Amino acid sequence: MVPDTKEYCQSCVTCATAKTTTQSKLGLLTPLKRPAVPWERISIDFVGPLPESENLLGKWDMMLVAVDYATSMVRIIPTRQTFRAKEVAELIYKIHGIPKVIVSDRDSLFTSTFWSESNRLMGVQTRMSSAYHPETDGATERANKTIGSMLRQCIKGRQSDWVRYLAGIEYAMNSSVSETTGYSPFYLNYGRVPPPMVWETENEYAGVRMFLLRQREALMRAHDAIIGARVRQTEQANKHRKLAEFKVGDLVYLSSKNMRLPARFSRKLTPKYIGPHRIVQEITEGTTYKVELPKELGARGINPVFHASLLRIHVPNDDRKFPGRSAEQIVALDKEPKEWAVDKIITHAGKGRDAEFQILWKSGDRSWESFERIRHLEAMDAYLEAQGSAMLPN
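147 is the number of the first residue of the sequence shown in our numbering; add one for each residue after it.
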């Protein structure tokens with residue numbers, strides 16, 4: 147009795163969409179490959195909107211944060227909300243040249259045609275973070291927290307002064323020795339220790355050969371140290387996660403916690419998950435998946451790539467054990483629920499109006515239904531036509 151009850155609940159669409167999961171997060175964290183050359187791979191993000199702040203170069207209400215994956219150097223650039231992709235590209239490329247890879251979130255500016263096409267022509271790979279999974283862009287997330295904390299300490303309530311402190315904050319972050327690498331981002335980029343706030347009377351000047359050897363050694367050590375730190379961080383994070391075992395073709399429910407709801411929908415009363423919908427591609431093994439979304443979700447601008455932690459597997463109902471369960475509804479965020487979600491009619495048994503038809507639902511479930519219950523469906527017309535008759539079988 148207990149196993150049957152458990153199986154019944156596992157295949158219940160209402161339970162799967164309405165209840166919060168208590169399981170460990172799905173999808174193990176996988177550290178990004180560390181580049182060997184500074185500013186070859188970068189991550190970028192916007193911070194704002196902020197109170198308008200002014201300096202000698204103009205008025206600003208946003209910040210662009212760029213982080214180099216090889217050295218962890220941070221660039222903090224004041225911008226405006228009105229900046230387009232062209233202006234942002236000029237801000238990034240004029241300092242350290244054109245990178246090979248740019249990791250960003252799904253800001254509309256970074257998904258614009260100009261941004262995508264200009265980077266394609268320059269040979270730059272643009273990689274977007276998974277929908278609602280900021281860990282993908284962890285470098286800028288950590289930098290943003292540090293910048294925000296330092297700004298709050300500097301401005302002391304004068305929020306319109308924030309732009310005046312960006313240069314000092316950037317210098318402090320880049321001249322701080324990293325516990326991971328043992329070097330400052332400044333040294334890894336330029337091969338020298340940044341000038342101290344108090345100047346010394348005597349300076350030592352190394353030869354060019356020693357200078358290059360020292361910089362190369364530092365980069366190699368930093369590269370190894372960062373990899374080791376990422377491995378340790380990944381192992382620690384994965385203690386509270388488990389491997390996702392989704393595969394292409396699986397039907398899954400999508401978490402609705404980050405989705406924009408229709409007007410007058412209450413977040414507390416909205417299903418925790420919607421669907422099920424089919425996985426069509428595995429983007430990153432065991433981590434991110436592309437899901438076949440219905441037109442209404444695509445129209446909402448929802449990206450079809452989801453992290454495994456936002457998915458829940460659909461368990462089809464066993465009609466032999468639990469006959470007559472309603473499988474006709476696909477849970478969605480529409481103002482009106484979809485009462486019927488039939489894929490096709492497979493076969494029938496019996497004759498005349500006493501005939502019963504085996505239904506394959508879009509949820510993957512199968513059930514036997516009477517003619518009177520499904521006579522209005524287009525699937526019934528298609529089935530009868532395929533049988534060579536437009537009338538009910540005798």
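Here a beta-carbon is modelled for each residue, glycine too, at the ideal position from N, C-alpha and C.
These numbers were taken from a predicted model, which means no experiment stands behind them.
is_contact[residue i, chain D] using C-beta, thresh 8 Å
i	result
K418	Of the protein chains in this structure there is only one, and it is not chain D.
Which of helix, strand or coil DSSP assigns to residue i
i	result
G496	coil
D191	strand
F392	coil
D251	coil
I420	strand
M268	coil
M296	helix
V309	helix
L443	helix
L210	strand
P246	The question names Pro, but residue 246 in the sequence shown is Lys. Looking at K246 - three-state DSSP - the assignment turns out to be coil, as it is neither helix nor strand.
R304	coil
R406	coil
I448	coil
R519	helix
T430	strand
Residue i, enclosing beta strand (DSSP E) - first and last residue
i	result
K232	Run containing K232: none in the beta strand (DSSP E); it sits in the alpha helix (DSSP H), A231 to H242.
K205	G204 to W206
L456	Element bounds for L456: n/a, residue is neither H nor E.
N201	S199 to N201
I223	V220 to T225
L400	L397 to S401
L542	Residue 542 lies beyond the range of the chain shown here (147 to 540); nothing can be said about it.
Y435	T434 to V437
Buried or exposed by the 16-neighbour rule on C-beta atoms within 10 Å, applied to residue i
i	result
N320	buried
S199	buried
Q533	exposed
G433	The question names Gly, but residue 433 in the sequence shown is Thr. Per the 10 Å Cβ criterion, buried.
G421	buried
L267	exposed
P408	exposed
I238	buried
Euclidean distance between Cα positions of residue i and residue j
i	j	result
K403	I425	19 Å
V451	H460	18 Å
N449	A495	43 Å
K436	E428	6 Å
G294	F192	12 Å
S306	P181	38 Å
M209	V270	22 Å
W137	L202	Because the chain in this structure spans residues 147 to 540, residue 137 falls outside the shown range and cannot be described.
A216	G243	15 Å
L400	E431	18 Å
V213	L523	56 Å
L196	D489	50 Å
P340	R288	23 Å
T286	E236	19 Å
P440	Y333	51 Å
L530	K497	13 Å
P462	W507	10 Å
A318	R187	22 Å
S322	S189	20 Å
D527	V398	29 Å
S324	D396	44 Å
A501	R446	42 Å
R458	L443	18 Å
D207	P417	37 Å
K393	H423	13 Å
S262	S250	12 Å
R230	R298	28 Å
S513	E391	27 Å
R304	Q227	21 Å
V220	V211	7 Å
P184	A454	31 Å
K302	A313	17 Å
The alpha helix (DSSP H) enclosing residue i, as first and last residue numbers
i	result
Y336	P331 to Y336
R512	Note, R512: premise wrong, no alpha helix (DSSP H); beta strand (DSSP E) at R512 to S516.
Y317	L312 to S321
Y529	E524 to A532
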